[in-house]
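> Please find one structure pasted underneath; my questions will follow.
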Amino acid sequence: MQKNKITNPITEGVIWKQLLIFFFPIVVGTLFQQLYNTVDAIIVGRFVGKEALASVGGSSAVLANFVIGFFTGLSAGASVIISQFCGANDRENMQKGLHTAYAFSILFGIITSIVGFILTPWLLRITKTPIDVFADSVLYLRIYFAGLIFMLIYNMGSSILRAIGDSKRPLYYLIICCFINIGLDILFVVYFHMGIAGAAIATLIAQAVSALLVTYALMTSYDILKLNLKEIRIDFSMLKAEFKIGLPSGLQSCMYSLTNIIIQASVNNFGTDTAAAWAAYGKLDAIFWTICGSFGIAITTFSGQNYGAKCYKRVKKSIRVSLIMALSVSSVLIAFLMIACRPLYHIFTTDADVIDLGVYMLKLITPSYIIYVFVEIYSGALRGIGDVFIPTLITLGGVCFVRIPWVVFVTPLRNEVSTLLFSYPMAWAATLLLLFPYYLYQRKKLLST
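And the structure:
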């Protein structure tokens, strides 16, 4: 048995160093993943127009994120289960978890692509997509749905790589594919004048390459975990275990995405300029969510593996170190966004009205991001030890009882963009007020084990 012993720096190394080593490839990789859609928005915004920017970054992006967010939540279940098996050195169940996760990714990808392609016009109508960008939005979103299976396979595969402690390969693959996407965007949109379709096709091809690369890595690069295409099938007991953790996270993401869809519909009511400003804001806003979410992924893996190895005090210390690091980095980022917001908006558009609206949005909401750092770290840590149900209920409470009522009932009474945006920090604060006491309770319970 000794020869099978896995040397694991996550359960044995210096915590802050290992967190940084693990975190940086995740955050850089996730930033490159965000660049897929951001590059589309920049190129079509600069070379096609603000209507094209609204098509790529408005309702289309929100609807796509709804599906991706739900699946990412589900993939977190596989990631947590595999990280716990890795911490316990249980290779047999790691293999079952891997092949079940891949089988589900393929099945979910096929079904979602077909349904999404068919329902695209209806989905865009219910989000009140402006008529002058409707046709382009249908075209972009349908091509996006056609290639969705590649993104789902990559997301699942990369989350499994991180679960076993490898955050570098997903980074390398994303850098390669991001440059493929940029090159194809320039070729298709600028030189071939393919417009929205060119941007969408470029993204599809890049995502297909990333899916192939991460799949090949899982087939060839690890002794502790190896993907065999012939063994890809669903083990229903394993799927149940992955769903037990992943489904609440997926539903939580769906609720966030649902409120974003409702907010997008409200934004669309203010016209194309506001929709374009909101679309560009979403790309700048994604920088924070990328960094904050990367800390969430890191602490989920650290708490999961240390929990599996029964290193409970190390779980607590990992959470504290991660929180300090996340607050420090987020504070610097918030200051940067506040100072550089106007030049950053010029990357997406030269329209003065759109830029003014976007700067106003960003300065209004960005300072409150710091609240969400606590929510991300505490919920990520609880997810790592397999506790997702109560944190999900708390998060849904902040969304269902604060944000949605505010958007639906309060915003129409004072029909201004500022009123609409206040729904975000209010929901985050309400969530944290309930989540923090629950986290303290679970920490005390864990340390007494």
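Heads up: take any position in the sequence shown, counting from 1, add 13, and you land on the working numbering. Note that beta-carbon positions come from the ideal geometry of N, C-alpha and C, so glycine has one too.
#1: From which residue to which residue does the alpha helix (DSSP H) around Lys458 run?
#2: For Arg396, count neighbouring Cβ atoms within 10 angstroms of its own Cβ and tell me buried if that reaches 16, exposed if not.
#3: Less than 8 Å separating the beta-carbons of Val420 and Ile276?
#4: Are Ala288 and Val280 close, meaning C-beta to C-beta below 8 Å?
#5: Helix, strand or coil: which one does DSSP assign to Lys16?
#6: Quick check: the Cα distance between Thr125 and Leu87, rounded to an integer number of angstroms?
#7: Suppose the cutoff is 7 Å on Cβ atoms and the five residues either side in sequence are ignored; what does the same chain contact list for Lys376 look like?
#8: In terms of residue numbering, what span does the alpha helix (DSSP H) encompassing Tyr235 cover?
#9: Hey, how far is the Cα of Asp97 from the Cα of Ala322?
#10: Measuring CB atoms only, is the region 151-169 touching the region 204-219, in the sense that at least three cross pairs come out at less than 8 Å?
#11: Rounded to whole angstroms, what is the Cα-Cα separation between Asp103 and Ile245?
#12: Looking at Leu240 and Leu33, is the spacing between their C-beta atoms short of 8 Å?
#13: For Glu255, does the count of other Cβ atoms within 10 angstroms reach 16, so buried, or fall short, so exposed?
#14: Going by DSSP, what residue range makes up the alpha helix (DSSP H) through Phe315?
#15: Is Gly259 buried or exposed, if buried means 16 or more other CB atoms sit within 10 Å of its CB?
#16: Have a look at Ala101 and Trp302 and give me their C-alpha separation to the nearest angstrom.
#17: Quick one: what's got a C-beta closer than 8 Å to Asp286's C-beta in the same chain, skipping five residues either side?
#18: Which word fits Met232, buried or exposed, when buried means at least 16 other C-beta atoms lie within 10 angstroms of its C-beta?
#19: Less than 8 Å between the C-beta atoms of Phe158 and Gly129, yes or no?
#20: Out of Gly160, Leu161, Gly178, which has the shortest C-alpha to C-alpha gap to Ile310?
#21: If Phe35 sits next to Ser250, beta carbons under 8 Å apart, how far is it from one beta carbon to the other, in whole angstroms?
#22: Looking at C-alpha atoms only, which residue of Leu433, Ser392, Thr314 is the closest neighbour of Met450?
Put simply:
#1: 436-460
#2: buried
#3: yes
#4: yes
#5: With a pLDDT of 41 at Lys16, under the threshold of 50, the predicted position of this residue should be treated as unreliable, though the coordinate-derived value follows. Here Lys16 sits in helix by DSSP.
#6: Each residue's alpha carbon lies about 14 Å from the other.
#7: Exclusion of the five residues before and after Lys376 leaves Met351, Cys354 as the residues of its chain whose Cβ lies within less than 7 Å of its Cβ.
#8: It is not in any alpha helix (DSSP H) - Tyr235 carries neither H nor E in the DSSP assignment.
#9: Reading off the sequence, residue 97 comes out as Gln, not Asp. The straight-line gap separating the alpha-carbon atoms of Gln97 and Ala322 is approximately 8 Å.
#10: The answer is yes - the region 204-219 touches the region 151-169, with three or more Cβ pairs under 8 Å.
#11: C-alpha separation (whole angstroms): 19 Å.
#12: No, the pair does not count as a contact, with Cβ atoms beyond the cut-off.
#13: buried
#14: 285-321
#15: buried
#16: 31 Å
#17: Take Asp286, set aside five residues on each side of it, and the residues of its chain with a beta-carbon closer than 8 Å to its own are Lys63, Asp364, Asp366, Val367, Leu370, in chain order.
#18: By the neighbour-count rule (16 or more Cβ atoms within 10 Å), Met232 is not buried but exposed.
#19: The Cβ atoms of Phe158 and Gly129 sit closer than 8 Å to each other.
#20: Gly178
#21: Not quite, the Cβ-Cβ distance comes to about 30 Å (not below 8 Å), so this is no contact.
#22: Residue 450 is actually Pro in this sequence, not Met. Among Leu433, Ser392, Thr314, the Cα nearest to that of Pro450 is on Ser392.
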